[in-house]
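Residue numbers (full-length UniProt numbering): 1 to 166.
Heads up, the beta-carbon is just placed ideally off N, CA and C, and yes, glycines get one too.
Here the structure is a predicted model, which is why all the values come from computation and not from measurement.
Here is the structure we will look at, set down as structure tokens.
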């Protein structure tokens with residue numbers, strides 16, 4: 001699976017870079033991330049819980065940074081294993097560039113490969129899931145970096161009826 005995209009982040013590249021290597025910002029940005037520890041030199045250990053179609057599992061993974069040019073770019077290399085779900089590995093090339101307005105353009109290119117039960121879910125479901133997770137990651141990341149508050153959780157129809165609001 002391959003995916004690429006760009007995000008315009010309303011912060012200077014130095015601030016975006018600092019956030020991209022901060023385990024607490026990453027933990028807050030990765031959907032389902034329960035734990036994230038480590039640093040740029042040694043890499044990061046993470047635990048993520050996700051449901052992909054009918055398969056729900058916790059994944060323990062390792063993230064290492066390669067080809068690092070501080071403040072500009074790096075390559076993420078990821079390996080993860082879910083107890084009953086299978087394995088996943090992949091990478092992401094991330095590049096930052098300043099805009100004339102003082103914001104940051106973040107470009108990314110992701111590759112991923114899954115094995116085990118996950119691989120049997122089909123490319124279409126996995127591609128949809130990967131796009132959704134990338135969008136959620138960048139929404140969360142932008143919110144943290146730009147200092148915006150977390151949005152109120154959406155209530156279902158019963159909560160709106162009983163709570164008297166939207």
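Counted within 10 angstroms of its Cβ, other Cβ atoms place residue i as buried (16 or more) or exposed
i: residue 111; result: exposed
i: residue 100; result: exposed
i: residue 35; result: exposed
i: residue 122; result: exposed
i: residue 147; result: exposed
Residues near residue i in its chain [Cβ-Cβ closer than 7 angstroms; skip 5 each side]
i: residue 90; result: 78, 110, 111, 112, 113
i: residue 107; result: 6, 95
Start-to-end residues for the alpha helix (DSSP H) that takes in residue i
i: residue 14; result: 13 to 20
i: residue 145; result: 123 to 146
i: residue 26; result: 23 to 29
Spatial neighbours of residue i in its chain, beta-carbon cut-off 6 angstroms, leaving aside the 5 residues before and after
i: residue 117; result: 55, 85, 86
i: residue 141; result: 29
i: residue 97; result: 105
Short Cβ contact (8 angstroms threshold) for residue i with residue j
i: residue 105; j: residue 8; result: yes
i: residue 40; j: residue 68; result: yes
i: residue 76; j: residue 88; result: no
i: residue 83; j: residue 61; result: no
Beta-carbon contacts of residue i that lie in its chain and below 8 angstroms, excluding the five residues immediately before and after
i: residue 130; result: 1, 3, 110, 112
Continuous beta strand (DSSP E) stretch holding residue i: start and end
i: residue 113; result: 104 to 115
i: residue 65; result: 55 to 69
* Asked: Any chance the stretch 4 to 13 sits against the stretch 26 to 36, with 3 or more Cβ pairs inside 8 angstroms?
  -> no
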